[in-house]
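Numbering (this note's numbering), first residue to last: 13 to 350. C-beta atoms are modelled at their ideal positions from N, C-alpha and C, and glycine is treated no differently.
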């Protein structure tokens, strides 16, 4: 009997050069089998911030192979060429992870760490070849491997695109979701991060406003407000930054309902609990609308807190974990858009 082909579905942000399309949704590309993402309990949105000097620098991706695994990733670029770096990492890192022989084995945490270091070298090579600018530009990276057969998620991340879990407080009643972060933001003033930076010859200085920043030993550069990232070649060579990810593994429980991967455009003024409460109002069939509602809440908070002067780019990926486990794509659904 011939083995049935596994359905494959992928969606990701595409290059969008617009400078003035404020709160506009970034272009999306679909490949693989024609599937409505909400059939898989997936929602995503990527909104341009209120910044006239740069395009939307966030990138994101989702990939689902039926009954096997899914990948979810968020990449928040910064610096003059941050949109190029985030797009480059979004394109290359998932392919490197899936192609590695250690993918979905007990060695996956080590493989993910190796993949981030390989990606940093690839970004440096692309910079040297003038394919992108990464001397003073870089990206966050939060990527999650969801193994459906093992009912497990493995998250690797650098910087501050936080991954949040929404879990039912009572597994029986299932009436109250509790939200908490599965990743920590890599900020220079964290005790262990500051120690590593200073040991490598860098300095951590408060900027007089709201951020601690990383500087070289004898210069007023690069001034980065994160301690780990991809790209930012000057910060890595002169100021003690690293691309080494922290890796979290979690065996999923029946009460684990939601996974949110978002750029700090969401988390700057929205708490994990607020996000989970809002997304939890809708079911898997409303995943897209839930992602949009979360983005709108974040946008409104920025306008209030910053007096309408600036809003960061906002990306939200919404994953209904149990729906992902139980449902697989079929041919009826949304046609591919390229």
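Looking at 64, 192, 293 and 253, the one whose alpha-carbon comes closest to that of residue 207 is 253.
As DSSP reads the structure, residue 166 sits in a beta bridge with 157 and 261. For the pair residue 299 and residue 272, the Cα-to-Cα distance works out to about 11 Å. In the three-state scheme derived from DSSP, where H, G and I count as helix and E and B as strand, residue 288 is classed as helix. Rounded to whole angstroms, the Cβ separation of residue 175 and residue 195 is 5 Å, and the two are in contact under 8 Å.
Counting the other CB atoms within 10 Å of its CB gives residue 293 a total below 16, which places it among the exposed residues.
Scanning the segment 267 to 328 from its first residue to its last, the whole beta strand (DSSP E) runs of 3-plus residues come out as 268 to 274.
The segment 65 to 118 contains, as complete beta strand (DSSP E) runs of 3+ residues, the segments 70 to 77 and 81 to 90 (chain order). Secondary structure of residue 228 (DSSP, three-state): coil. Considering only 43, 18 and 216, the residue with the shortest C-alpha distance to residue 26 is 43. For the pair of segments examined, the segment 53 to 70 was found to touch the segment 27 to 38: the number of CB pairs separated by less than 8 Å reaches three.
Beta-carbon to beta-carbon, residue 149 and residue 86 are separated by about 17 Å, too far to satisfy the 8 Å threshold. The beta carbon of residue 263 sits closer than 6 Å to those of 164, all from its chain and outside the five residues before and after it, given in chain order. Residues 116, 157, 158, 159 and 160 of the same chain have their beta carbon placed closer than 7 Å to that of residue 81, with the five preceding and five following residues left out of the count. Residue burial annotation: residue 29 is exposed, with fewer than 16 other C-beta atoms found within 10 angstroms of its C-beta.
Spanning the alpha carbons of residue 278 and residue 312 requires a straight line of approximately 10 Å.
If you ignore the 5 residues before and after residue 109, its C-beta comes within less than 8 Å of the C-beta of 83, 115, 123, 124, 127, 155 and 157, all in its own chain and listed in chain order. The beta carbon of residue 96 sits closer than 6 Å to the beta carbons of 144 from its chain, once the five residues preceding and following it are set aside; these are given in chain order.
Contact between residue 199 and residue 224 holds, since their C-beta atoms are separated by about 6 Å, short of 8 Å. At a Cβ-Cβ threshold of 8 Å, residue 241 and residue 168 do not count as neighbours.
Per DSSP, residue 26 lies in no alpha helix (DSSP H) and is assigned neither H nor E. If you draw a 10 Å sphere on the C-beta of residue 113, you find fewer than 16 other C-beta atoms in it, and that means exposed.
Sequence-distant partners of residue 260 (beyond 5 residues in either direction) whose C-beta falls short of 6 Å from its own C-beta, in its chain, are 167 and 194. For residue 132, the enclosing alpha helix (DSSP H) has its first and last residue at 120 to 140.
Counting only runs that start and end inside the segment 36 to 68, the beta strand (DSSP E) elements of at least 3 residues fall at 40 to 44 and 54 to 59.
Under DSSP, no beta-bridge partner is assigned to residue 255. For residue 218, the enclosing beta strand (DSSP E) covers residues 215 to 218. Between the segment 226 to 239 and the segment 178 to 193 there are fewer than three C-beta pairs closer than 8 Å, too few to call the two in contact.
Residue 50 has its alpha-carbon roughly 24 Å from the corresponding atom of residue 88. In the DSSP annotation of this structure, the continuous segment of the beta strand (DSSP E) that includes residue 175 starts and ends at 175 to 180.
Less than 8 Å separates the beta-carbon of residue 323 from that of residue 61.
Its chain contains 224, 225 and 227 as the residues whose beta carbon lies nearer than 8 Å to that of residue 217, once the 5 sequence neighbours on both sides are disregarded; these appear in chain order.
Note that the C-beta distance between residue 268 and residue 177 is below 8 Å. Cβ-Cβ separation between residue 282 and residue 310: approximately 5 Å, consistent with a contact (criterion under 8 Å). Residue range 189 to 193 is occupied by the beta strand (DSSP E) that includes residue 189.
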